[in-house]
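Visitor: Next up is a structure, given as structure tokens.
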Amino acid sequence: MENILTEKLRAYVLENNLDLVVRLQEGYSFMNYLKDKVAAVEPFMQHLILEQKPEHIVVQLCLDEMTRELRPSKFLYIRTVLEEEFPVECAGFGASGVLTYEVTHLIDRCQAIFETFGFSEASADNHLLRHAVIAEMHDHIY
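Residue numbers for the sequence shown follow full-length UniProt numbering, so the first one is 1 and each next one is one higher.
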């Protein structure tokens, strides 16, 4: 089951948190990150197995636990705002192959904004947060 969890986590991170992959490649190994996350959820997984939960439930609950700190995705949030508010520039970044780099850089630039607004699933729809992010993007792009 550890292999299934590792693969599910890998797929989740690649789809939702590509900035994390970029950062992990700079130092801490992506594979070590995955192994550490799966190891950390091992006691929870064993508890669920002892409760005779179906495998698909165990996998989903463990994946939810492993990805809790990754939600909501700053990468998807920034990319979506960039696509919606700066479509021409976003398309240009994509065409030149630097979209992931630019989104990762914008996450870094917006970190203080995320901290100020307490970026979470509850605050992700805050229009003041969005406007602050848009202003930072504008400053970066222009």
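Each residue gets a CB set at the ideal place from its N, CA and C atoms; glycine is no exception.
(1) Please find out if some non-hydrogen atom of the ligand MG comes closer than 7 Å to the beta-carbon of Lys74.
(2) If we count the other Cβ atoms within 10 Å of its Cβ and call it buried at 16 or more, is Glu69 buried or exposed?
(3) If you count every other CB in all the chains shown that lies within 10 Å of the CB of Val58, and 16 or more means buried, which is it?
(4) Start and end of the alpha helix (DSSP H) containing Cys62?
(5) Can the beta-carbon of Thr104 be found closer than 8 Å to that of Val22?
(6) Determine the extent of the alpha helix (DSSP H) in which Arg130 is found, giving its start and end residues.
(7) Compare the C-alpha of Cys62 against each of Glu115, Thr116, Ser73, Ile4 and name the closest.
(8) Should the region 109–123 be called in touch with the region 82–99, which here means at least 3 C-beta pairs below 8 Å?
(9) For Pro72, which three-state DSSP category applies?
(10) Do you know offhand how far Val98's Cα is from Gly118's?
(11) Given that a residue counts as buried once 16 or more other Cβ atoms are within 10 Å of its Cβ, and exposed if not, what is Asn17?
(12) Leaving out five residues before and five after Leu48 in sequence, what residues of the same chain have Cβ atoms less than 8 Å from its Cβ?
(13) Just to confirm, are Asp139 and Lys74 a CB contact at a threshold of 8 Å?
Guide: So, from the listed chains and residues:
(1) With respect to the ligand MG, the structure shown offers nothing to examine, as it has no ligands at all.
(2) Within the sequence shown, the letter at position 69 stands for residue 69. Exposed, since its Cβ has fewer than 16 Cβ neighbours within 10 Å.
(3) Taking the sequence shown and counting its residues from 1, the one referred to as residue 58 is at position 58. Per the 10 Å Cβ criterion, buried.
(4) Counting from one through the sequence shown, the residue named residue 62 turns up at place 62. Start and end: 55–67.
(5) Here residue 104 corresponds to residue number 104 of the sequence shown, with the count starting at 1. Here residue 22 corresponds to residue number 22 of the sequence shown, with the count starting at 1. In contact: Thr104 and Val22 (Cβ atoms closer than 8 Å).
(6) Taking the sequence shown and counting its residues from 1, one reaches residue 130 at position 130. Residues 127–141.
(7) By 1-based counting over the sequence shown, the position of residue 62 is 62. Ranked by Cα distance from Cys62, the first of Glu115, Thr116, Ser73, Ile4 is Ile4.
(8) Judged by Cβ distances under 8 Å, the region 109–123 makes no contact with the region 82–99, as fewer than three pairs qualify.
(9) Translated into the one-based positions of the sequence shown, residue 72 becomes position 72. Note: Pro72 maps to coil in three-state DSSP.
(10) The residue labelled residue 98 in the question sits at position 98 within the sequence shown. The residue labelled residue 118 in the question sits at position 118 within the sequence shown. If you take the alpha carbons of Val98 and Gly118, they lie about 28 Å apart.
(11) In the sequence shown, counting from the first residue as 1, residue 17 sits at position 17. Result: buried.
(12) Reading the sequence shown from its first residue, position 48 is the one you call residue 48. Correct list, in chain order: Ile57, Val58, Leu61, Cys62.
(13) Sequence index remark: in the sequence shown, residue 139 carries index 139 (1-based). Sequence index remark: in the sequence shown, residue 74 carries index 74 (1-based). At a Cβ-Cβ threshold of 8 Å, Asp139 and Lys74 do not count as neighbours.
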